[in-house]
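K.L.:
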Amino acid sequence: MWQNLRKDIQSGNIKALARVLSLLENETLGYESFMQSLQLNHHARVIGITGPPGAGKSTLTDALIGTLVATGRKVAVLCVDPSSPFHLGALLGDRIRMNQWYAHPQVYIRSLASRGNLGGLHPKILEMTDVLKEAKFDDIIVETVGVGQSEIEIAGLADTTVVVLVPEAGDEIQTMKAGLMEIADIFVVNKADRPGADTFINNLQHMLNPAQTGNTWKIPIVSTVATNGMGITELISFINLHSSILQTPERKLWLLTDKAYRLLQQKCMRGIKRNQLKVQLTERLQQPGFNLYQWTEELL
Ligand SMILES: Nc1nc2c(ncn2[C@@H]2O[C@H](COP(=O)(O)OP(=O)(O)OP(=O)(O)O)[C@@H](O)[C@H]2O)c(=O)[nH]1
Ligand SMILES: [Mg+2]
């Protein structure tokens, strides 16, 4: 089964692609050898789009797809929804917002739940982006809500990370600057049609300046109105510029190291479940002489 699926996705079969992604999502037996059999030689870039809920990430993605597809590129989108009360709404919202692309031959869109991996990306997101590369997509856009862990994880996954903010964020930028500033390769101030956009951009610029002296890449701030396409061409030029300038061997090595680290981390944690630990612990505590450090060492 896996072998046929590999050939099918390499030849651009979308049904096979969807099937493989589902098998991965469920960690179906055999997925690891499947991953090992991939060629992964197609050059694709991964663009991470993150930012607070409702900032316009999906609308922006929709606009990006339009421009990228027009230049002949194949675009895949993975929307990672946080497991939150917004969940269903967000899924339906994405359906409506990216609606026009669902049947387009150059576009593939898929929503993923983050699987209780609180605020994080889907545990198999790395494998999924590699499968999309195998399916010869040129741009892989990963949309995540920038809360909790996901924004940190996206930086290790994406070649270029775009952080989307809105003028209303106001004082919020002060509190989130640590996490988001570190991962942003490009800032987008979306909803620039809203009042206060210019002031917000100025404040953001002032905040960024001191941290950037001596850096080769000066983080650009692009102002956009995703709903009417304003600023999208400029955003794409910056994404192109970033991918051409910063795809240095060092950065590639850094990204690859980060991925290897995470795969190993997942492998080490495999089979370790909290509730199972609790059961084992309950049993062990009934015997005398418990020491947490000895016990965890024994488990390894
Ligand atoms: N005025 C204005 N509204 C916008 C703009 N971009 C998006 N919106 C609106 O903002 C709302 C949220 O847009 P989404 O694209 O769903 O935002 P999101 O960041 O993907 O939201 P989540 O995925 O739920 O976090 C929608 O009603 C959009 O129509 C913009 O540039 N200006
Ligand atoms: Mg969205």
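When the letters of the sequence shown are read in order and numbered with the numbering used here, they come out as residues 85 to 384.
Glycine included, every Cβ here is placed at the ideal spot set by N, Cα and C.
(1) Please classify I98 as buried or exposed, where buried requires at least 16 other C-beta atoms within 10 Å of its C-beta.
(2) Does the Cβ of S321 have 16 or more other Cβ atoms within 10 Å, making it buried, or fewer, making it exposed?
(3) What residues match up with Y377 in a beta bridge as DSSP calls it?
(4) Just how far apart, CA to CA, sit T134 and L339?
(5) So who's on the other strand from T244, going by DSSP bridges?
(6) Excluding sequence positions up to five away, which residues of its chain have a Cβ less than 8 Å from the Cβ of L124?
(7) Tell me, please, which residues DSSP counts as bridged to C163.
(8) Suppose you measure from the CA of Q371 to the CA of L205; what does that come to, to the nearest Å?
(9) What's the call for M291, buried or exposed, on a 16-neighbour Cβ count within 10 Å?
(10) Starting from the Cα of G132, find the closest Cα among I193, G138, H188 and L241 and give me that residue.
(11) Measuring only the C-alpha atoms, how far is T380 from K343?
(12) Could you name the residues of the same chain whose beta carbon sits closer than 6 Å to that of W86, not counting the 5 residues immediately before and after it, in chain order?
(13) So V104 is in the beta strand (DSSP E); what residue range does that whole segment cover?
(14) Say yes only if the C-beta of D222 is nearer than 7 Å to one or more non-hydrogen atoms of ligand 1, and no if none qualify.
(15) Within 7 Å: the Cβ of K141 and any heavy atom of ligand 2?
(16) Within 10 angstroms of the Cβ of P294, are there 16 or more other Cβ atoms? Answer buried if so, exposed if not.
(17) Using the C-alpha atoms, what's the distance from R335 back to K158?
(18) Tell me the DSSP secondary structure of L249 in three-state form.
(19) Please check the pair E116 and K208, which I expect to be a contact at CB under 8 Å, by giving their CB distance rounded to whole angstroms.
(20) Leaving aside the five residues before and after V250 along the sequence, list all residues of the same chain whose C-beta is less than 6 Å from its C-beta, in chain order.
(21) Can you tell which of E227, M314 and T245 has its C-alpha closest to the C-alpha of M265?
(22) Tell me which same chain residues have a C-beta within less than 6 Å of the C-beta of E227, skipping the five on either side of it?
(23) Quick check on G315: buried or exposed, where buried means 16 or more other Cβ atoms within 10 Å of its Cβ?
(24) Helix, strand or coil for F284? Go by DSSP, reduced to three states.
(25) Tell me which residues share the same chain as S95 and place their Cβ nearer than 7 Å to its Cβ, disregarding the 5 neighbours each side in the sequence.
(26) Measuring straight from C-alpha to C-alpha, what distance separates E237 and Q350?
P.N.:
With the given structure in hand:
(1) exposed
(2) exposed
(3) The secondary-structure analysis by DSSP pairs Y377 with nothing; it has no beta-bridge partner.
(4) 18 Å
(5) I131.
(6) D214, K217 and E218
(7) S195 and E227
(8) 40 Å
(9) In this structure M291 is exposed. Its beta-carbon is surrounded by fewer than 16 other beta-carbon atoms within 10 angstroms.
(10) L241
(11) 26 Å
(12) Around W86: G114 and F118.
(13) Looking at the DSSP string, V104 is not in any beta strand (DSSP E); the run it does join, the alpha helix (DSSP H), is I98 to E109.
(14) No, Cβ of D222 sits at least 7 Å from all heavy atoms of ligand 1.
(15) For ligand 2, at least one heavy atom lies less than 7 Å from the Cβ of K141.
(16) By the 10 Å Cβ count, P294 comes out exposed.
(17) 24 Å
(18) Reduced to three states, the DSSP call for L249 is strand.
(19) Not really, about 11 Å apart at Cβ, beyond 8 Å.
(20) A139, N274 and K275, listed in sequence order.
(21) T245
(22) I133, K141, T145 and C163
(23) buried
(24) helix
(25) none
(26) 14 Å
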